[in-house]
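K.L.:
Mapping to numbering that gives the first Met the number 0: the sequence shown position 208 is 207, numbers consecutive. Here you go, one structure.
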Amino acid sequence: MCPPNSVDICLSHIVNRQGPSDTRDNMDMDLSYPNFTLRSYQQLIEALNGRWQIIRLCDAFATFKPDSLILRHDIDISPTLALPMAEIENSVGIRSTYFVGLHLSYNPHHPRQAKIVRTIAEMGHEIGFHYDGLVYPGDGASLEENLALLNRHIQILEEVCSRRVVSIARHNPSIAKEGDPFKTAVKYNNAYDERLFQNTLYISDSCGAWRAGGLSPCWHEPRPKRVYLLIHAEQWADRSDADRMVRFEIMRERAMREHDAFFNEVRCVWRSHAGGKEHDERVAFTKDGQ
Numbered sequence: 000m001c002p003p004n005s006v007d008i009c010l011s012h013i014v015n016r017q018g019p020s021d022t023r024d025n026m027d028m029d030l031s032y033p034n035f036t037l038r039s040y041q042q043l044i045e046a047l048n049g050r051w052q053i054i055r056l057c058d059a060f061a062t063f064k065p066d067s068l069i070l071r072h073d074i075d076i077s078p079t080l081a082l083p084m085a086e087i088e089n090s091v092g093i094r095s096t097y098f099v100g101l102h103l104s105y106n107p108h109h110p111r112q113a114k115i116v117r118t119i120a121e122m123g124h125e126i127g128f129h130y131d132g133l134v135y136p137g138d139g140a141s142l143e144e145n146l147a148l149l150n151r152h153i154q155i156l157e158e159v160c161s162r163r164v165v166s167i168a169r170h171n172p173s174i175a176k177e178g179d180p181f182k183t184a185v186k187y188n189n190a191y192d193e194r195l196f197q198n199t200l201y202i203s204d205s206c207g208a209w210r211a212g213g214l215s216p217c218w219h220e221p222r223p224k225r226v227y228l229l230i231h232a233e234q235w236a237d238r239s240d241a242d243r244m245v246r247f248e249i250m251r252e253r254a255m256r257e258h259d260a261f262f263n264e265v266r267c268v269w270r271s272h273a274g275g276k277e278h279d280e281r282v283a284f285t286k287d288g289q
């Protein structure tokens, strides 16, 4: 999501317009307003990789020099839906940061999800903690109490991904009613640290929208000295649509398949359960006797 109180180019509706007939102009349009397919993402990332050094968030705190691009992903819905993007980046030879939550709509402790998170980490991508500010008590809670809870949550995520977690990013900071308690007073790298936004072009695809000029500043001179790109991997799929809400339904349908798989497993248990079979036979016998 967009950082609060920042001036960035992440706030416009995706532009659906006809580009010029010139091939180069069409290519620029495609790269400036990618269409949210995995194929277009690979084209985008290959082009960006030719112009900037793509780095993880943790790398930026060591050296965020000119000609660098931070590539970050917030996993809001499903690690499963984020995996194809991690695989694309791995095939291109780049590493990025994936922020995983503990209190969102998915369960990273589930063996299937935990395996995917570890797979992403094994590719060399950084795993960070995507924390929900609502989990940490505001009224009456001291910073020390909140930090202790944050540390416990990060330890849990470290157990999931089998890696050390050094970076954090708040979920939905733009709609938070209170300030970020962990913005400056913690030992972790914060994705919204103000230093990351100094002399930096920030671009986000939040809510499936390219804002203002999209990525167009990346393809024109003078190009930005540094770029910070936030991509929500679940929004990118094999098929897409210019209408954001159609893309939302595509994303929802993909996410629901995971729930369907769970209920299919439960259905099999119900059907094979010895007590269930006994119950069904008794009900059938009762019906036959009536």
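Here a beta-carbon is modelled for each residue, glycine too, at the ideal position from N, C-alpha and C. On a predicted model such as this, the values are computed, not experimentally measured, just so you know.
(1) Quick check on the DSSP output: what are the complete alpha helix (DSSP H) runs of length 4 or more inside the segment 55-112, in order along the chain?
(2) Please state the DSSP three-state secondary structure of Tyr-331.
(3) Please state whether DSSP places Leu-229 in a helix, a strand or coil.
(4) Based on the DSSP secondary-structure assignment, which residues constitute the bridge partners of Tyr-201?
(5) Over what stretch of residues does the beta strand (DSSP E) that includes Glu-125 continue unbroken?
(6) Here's a check: name, in chain order, each residue in its chain whose Cβ is nearer than 6 Å to the Cβ of Val-134, leaving out the five neighbours to either side.
(7) Going by DSSP in three states, Asn-48 sits in which element: helix, strand or coil?
(8) Apart from the five residues on each side of it in sequence, which residues of its chain come closer than 8 Å, Cβ to Cβ, to Phe-247?
(9) Using the three-state DSSP reduction, which class does Asn-263 fall into: helix, strand or coil?
(10) Would you kindly check if the distance between the Cβ of Leu-68 and the Cβ of Leu-228 is under 8 Å?
(11) For Lys-276, collect the residues of the same chain with a Cβ closer than 7 Å to its Cβ; drop the 5 residues on either side in sequence, then sort them by chain order.
(12) If I'm right that Lys-48 touches Val-91 with Cβ under 8 Å, what's the distance once you round it to whole angstroms?
(13) Could you tell me the boundaries of the beta strand (DSSP E) in which Arg-169 lies?
(14) Name the two residues that bound the continuous alpha helix (DSSP H) containing Gln-154.
(15) Alpha carbon to alpha carbon, what distance is there between Ile-153 and Gly-213?
(16) Hey, out of Val-282, Lys-186, Trp-235, Phe-261, whose CA is closest to Asn-34's CA?
(17) Pop quiz: Ile-230 and His-129 are said to be a contact at Cβ under 8 Å. What is the actual Cβ separation, rounded to whole angstroms?
(18) Taking all protein chains shown into account, decide if Asp-242 is buried (16 or more other Cβ within 10 angstroms of its Cβ) or exposed.
P.N.:
On the basis of the data shown:
(1) 56-61, 78-91
(2) In the structure as shown, the chain starts at 0 and stops at 289, and residue 331 therefore has no counterpart that could be examined.
(3) strand
(4) Tyr-227
(5) 125-130
(6) His-102
(7) helix
(8) Gly-207
(9) helix
(10) yes
(11) none
(12) The sequence given here places Asn at residue 48; Lys does not occur at that position. Asn-48 to Val-91, Cβ: 6 Å. Contact.
(13) 166-169
(14) 142-160
(15) 33 Å
(16) Trp-235
(17) So it is not a contact: roughly 14 Å between Cβ atoms.
(18) exposed
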